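Worksheet: the structure to be examined is printed underneath.
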Amino acid sequence: MRARLSDMDAVEAAFDACPRAGFLPASVRRRAAFDGPLRIAAHQTNSQPRTVDAMLRLLEVRPGQRVLDVGSGSGWTTALLAHLVGPTGEVIGVELEPELVTFGAANLAATHQSWARIQQSAPGVLGDPDHAPYDRILVSAEPRSLPAQLVEQLGPTGRMVIPVAGWMTLVEMPGPVVSEHGAYRFVPLR
0 MRARLSDMDA
10 VEAAFDACPR
20 AGFLPASVRR
30 RAAFDGPLRI
40 AAHQTNSQPR
50 TVDAMLRLLE
60 VRPGQRVLDV
70 GSGSGWTTAL
80 LAHLVGPTGE
90 VIGVELEPEL
100 VTFGAANLAA
110 THQSWARIQQ
120 SAPGVLGDPD
130 HAPYDRILVS
140 AEPRSLPAQL
150 VEQLGPTGRM
160 VIPVAGWMTL
170 VEMPGPVVSE
180 HGAYRFVPLR
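Heads up: the sequence shown begins at 0 in numbering that gives the first Met the number 0, then just goes up one per residue.
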């Protein structure tokens, strides 16, 4: 129970340190407190805060870990993850849309967490296998089935949280051991 309270405090502290408003276009910042997805650019959204909270709690990020953020979008989840791993960790955000790479990287830079970065996804490559393995992988887009390419990028005790075919899915290593944790909707993983 004590570890669980500590986890909750760490996620809450990350939300406090990285307010959503700083990761939204100026036209929707006034709606930052809205507990729903908000459009950012390139037909993408900034995820619902309650959903991001649930994903981070399932992921169980610890200080010093290496984390991959797939579909980093506005940079908000990358910044939250960076806060959770702290300066002894590393977070790599990958994003397919060039406009969002620029937007997200600028938002992330404003948080002064030099141990985190956002980069353009390589064409035809899912995740960032060149820098694997990762302790944790967060995926903020939904595939129809669990992508083996991402599972292969997990370290020996890694965890991945990914929405798959409408269900929030936790993948734990060794294994993989796969479990579902409620119904959710996300933009498609491309």
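For every residue, glycine included, the Cβ atom is placed at its ideal position computed from N, Cα and C.
This one's a predicted model, so the numbers in the text were calculated from it and none came from an experiment.
Measuring alpha carbon to alpha carbon, tell me which residue in the options is nearest residue i.
i      : options                           : result
PRO173 : GLY165, MET167, VAL163 and VAL150 : VAL150
ARG30  : LEU55, VAL176 and PRO48           : PRO48
PRO62  : VAL10, PRO142 and PRO162          : VAL10
ALA140 : LEU37, LEU55 and PRO187           : PRO187
VAL138 : ALA115, PRO18, THR77 and ARG28    : THR77
GLY74  : ALA104, PRO86, LEU58 and ASP52    : ALA104
SER26  : ARG38, ALA53 and PHE33            : ARG38
ILE117 : ALA16, ALA53 and GLY70            : GLY70
ALA164 : HIS130, GLY154 and HIS180         : HIS180
PRO175 : GLY154, ASP15 and SER120          : GLY154
Between residue i and residue j, how many whole angstroms is the CB-CB distance? I'm expecting something under 8 Å.
i      : j      : result
GLY72  : GLN43  : 5 Å
VAL177 : LEU145 : 7 Å
VAL160 : GLY126 : Rounded, the Cβ-Cβ distance is 14 Å, inconsistent with contact.
LEU107 : ILE91  : In fact, because the Cβ distance is near 11 Å, the residues do not count as touching under 8 Å.
GLN152 : PRO122 : Not a contact, Cβ separation roughly 17 Å.
Which residues does DSSP pair with residue i in a beta bridge?
i      : result
LEU153 : TYR133
ALA182 : TRP166
ASN45  : LEU37
GLU171 : ARG158 and VAL176
ARG56  : Partner(s): none; ARG56 has no beta bridge.
LEU83  : DSSP, once it has assigned bridges, lists no residue as partnering LEU83.
GLU94  : GLN119
ARG189 : Beta-bridge pairing links ARG189 to no other residue.
ASP68  : GLY92 and LEU137
Within a Cβ cutoff of 7 Å, which residues of the same chain sit near residue i, ignoring the five residues on either side of it in sequence?
i     : result
GLN64 : VAL84, GLY88, ASP134 and ARG135
Taking 8 Å as the limit between beta carbons, can you name the residues of its chain near residue i, skipping five residues before and five after?
i      : result
LEU12  : It is Ala, not Leu, that sits at residue 12 in the sequence shown. Once the five neighbours on either side are set aside, the close Cβ partners of ALA12 are HIS82.
ALA40  : PRO24, GLU96, GLU98, LEU99 and PHE102
ALA109 : GLY21
ASP34  : GLN47, PRO48 and ARG49
Residues in the same chain with beta-carbon distance under 6 Å from residue i, minus the five sequence neighbours each way, listed in chain order, please.
i      : result
PRO162 : GLU141, TYR183 and PHE185
LEU55  : VAL10
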